[in-house]
Amino acid sequence: MQLNTVTGEITLLDANCADLGNEAMAVAKAYANEALKENLAEQVDAHNRMMEQIGSIHLGTPAPDQFPQLVAEPFDQPEPVRPEPRKLDWKAWLCPARRNAILNSNERRASEYQRQHLQWQSEQENHRRKEGQRAALYQRAQQASVPAMELVLDDHLMDIDWPQETSLSFELSADGKVLMLDVDLPEIEDFPKTELRLYQRGIGVSVKELSDTALRKLYMAHVHGMGFRLIGEGFACAPSVETVVLSGFTQVTNVATGRVEDKYLYSVKVKREAWGAIQFGNLAQVDPVEALAAFELRRDMTKTGIFRAIEPWPAVFDPSPA
Numbered sequence: 001m002q003l004n005t006v007t008g009e010i011t012l013l014d015a016n017c018a019d020l021g022n023e024a025m026a027v028a029k030a031y032a033n034e035a036l037k038e039n040l041a042e043q044v045d046a047h048n049r050m051m052e053q054i055g056s057i058h059l060g061t062p063a064p065d066q067f068p069q070l071v072a073e074p075f076d077q078p079e080p081v082r083p084e085p086r087k088l089d090w091k092a093w094l095c096p097a098r099r100n101a102i103l104n105s106n107e108r109r110a111s112e113y114q115r116q117h118l119q120w121q122s123e124q125e126n127h128r129r130k131e132g133q134r135a136a137l138y139q140r141a142q143q144a145s146v147p148a149m150e151l152v153l154d155d156h157l158m159d160i161d162w163p164q165e166t167s168l169s170f171e172l173s174a175d176g177k178v179l180m181l182d183v184d185l186p187e188i189e190d191f192p193k194t195e196l197r198l199y200q201r202g203i204g205v206s207v208k209e210l211s212d213t214a215l216r217k218l219y220m221a222h223v224h225g226m227g228f229r230l231i232g233e234g235f236a237c238a239p240s241v242e243t244v245v246l247s248g249f250t251q252v253t254n255v256a257t258g259r260v261e262d263k264y265l266y267s268v269k270v271k272r273e274a275w276g277a278i279q280f281g282n283l284a285q286v287d288p289v290e291a292l293a294a295f296e297l298r299r300d301m302t303k304t305g306i307f308r309a310i311e312p313w314p315a316v317f318d319p320s321p322a
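This is the structure we're talking about:
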């Protein structure tokens with residue numbers, strides 16, 4: 001079952017994602033009513049949780065001295081199962097050709113198992129070696145090795161569970177003291193704008209579309225929350241960093257040229273000492289929009305969240321050598 005979170009339309013799909021139509025929906029309501037309700041409730045809850053997370057993404061921000069823990073990647077390839085050899089039946093004892101066929105089959109299966117098991121052991125050992133290298137990498141990063149901090153930043157920032165697809169880039173100075181982050185923010189036109197509620201009776205969903213003002217405020221909270229979170233992650237992942245410069249942009253089409261260009265919405269420069277004054281145990285009471293304004297912020301925004309383009313803070317260092 002698929003729920004359109006914009007219109008509230010519900011459709012039943014087959015294995016190829018083709019709409020089964022109204023008749024199939026009527027049959028499902030008649031014979032699988034509770035299953036439909038449960039599935040629909042799960043989709044509504046997932047959407048509403050995403051909407052809540054969008055406005056509170058900063059709540060996961062670590063304190064600047066909270067170096068990230070290494071999250072081990074499990075080795076999830078199942079171990080090959082040793083095949084049971086086929087037993088020789090009475091016919092095999094009477095027929096040498098049958099006996100040889102069974103014995104040869106057992107030998108081939110055992111040989112294939114040995115090959116698969118050796119391959120599995122090799123891949124398992126390779127995984128262990130890589131995990132050991134990752135652990136050593138995190139240890140060196142905690143000791144302020146610049147190459148290690150770069151790799152940990154890359155490893156950790158990509159693992160953040162953003163509500164929407166997010167891309168970013170960063171540069172770390174050669175001395176490890178300045179980190180510059182650029183984040184590609186979602187466009188407000190692509191932002192989810194509905195709240196969903198299940199019907200009290202029957203199977204269906206009521207859709208409430210956010211007003212323009214409410215949508216802009218949610219967008220404003222989200223894009224600043226993303227910046228807040230990334231600044232915190234930057235300080236936590238790179239213990240030697242004293243300054244983080246974060247710039248957030250969206251991509252817009254220049255109507256004069258037709259070219260897609262970066263439009264920077266805000267750019268902020270933050271010192272570690274000043275960042276440490278935030279109460280990270282009480283982030284629920286922190287407004288990321290106001291929090292970023294307490295630092296060296298370039299932003300041209302109305303109170304209702306309408307942004308105009310700005311010039312971001314320039315690079316203030318030579319990036320670390322490759």
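All residue numbers for the sequence shown refer to our numbering, where the first residue is 1 and numbers rise by one. The C-beta atom is built at its ideal place from N, Cα and C for all residues, glycine as well.
From the options, residue whose alpha carbon lies closest to that of residue i
i: Glu-165; options: Leu-179, Leu-185, Ala-284; result: Leu-185
i: His-127; options: Asp-76, Ala-18, Glu-38, Gln-66; result: Asp-76
i: His-224; options: Glu-42, Met-301, Leu-94, Leu-20; result: Met-301
i: Gly-232; options: Gly-202, Ala-277, Gln-119, Ala-144; result: Ala-277
i: Glu-23; options: Thr-11, Leu-218, Glu-187, Arg-129; result: Thr-11
i: Asp-287; options: Arg-82, Asp-89, Glu-187, Leu-218; result: Leu-218
i: Ala-46; options: Val-146, Thr-253, Leu-3, Ile-306; result: Leu-3
Residue i to residue j span [Cα, whole Å]
i: Gly-8; j: Val-207; result: 6 Å
i: Val-289; j: Leu-59; result: 13 Å
i: Thr-243; j: Asp-262; result: 24 Å
i: Arg-216; j: Val-6; result: 17 Å
i: Thr-250; j: Glu-123; result: 41 Å
i: Gln-53; j: Pro-163; result: 7 Å
i: Asn-104; j: Gln-121; result: 25 Å
i: Ala-101; j: Ala-110; result: 14 Å
i: Ala-315; j: Asp-212; result: 35 Å
i: Asn-33; j: Met-1; result: 12 Å
i: Val-260; j: Met-180; result: 23 Å
i: Gly-248; j: Phe-191; result: 16 Å
CB-CB length for residue i against residue j, believed under 8 Å
i: Leu-40; j: Leu-198; result: 7 Å
i: Ala-238; j: Leu-172; result: 7 Å
i: Ala-72; j: Glu-131; result: 6 Å
i: Tyr-31; j: Pro-80; result: With a Cβ gap of about 42 Å, Tyr-31 and Pro-80 do not count as contacting.
i: Phe-170; j: Leu-196; result: That belief does not hold up - the Cβ atoms of Phe-170 and Leu-196 are roughly 36 Å apart, past 8 Å.
Three-way DSSP call (helix, strand, coil) for residue i in this model
i: Glu-150; result: helix
i: Thr-213; result: helix
i: Asp-190; result: helix
i: Gly-248; result: strand
i: Val-71; result: coil
i: Lys-29; result: helix
i: Leu-297; result: strand
i: Ala-322; result: With a pLDDT of 45 at Ala-322, under the threshold of 50, the modelled position of that residue is not reliable, and the figure given next carries that caveat. Here Ala-322 sits in coil by DSSP.
i: Tyr-113; result: helix
i: Glu-171; result: strand
i: Ser-145; result: coil
i: Tyr-264; result: strand
i: Ile-10; result: strand
i: Glu-165; result: coil
Cβ pair residue i, residue j closer than 8 Å
i: Val-178; j: Gly-227; result: no
i: Val-245; j: Lys-271; result: no
i: Arg-299; j: Trp-313; result: no
i: Ala-293; j: Gly-55; result: no
i: His-156; j: Pro-68; result: yes
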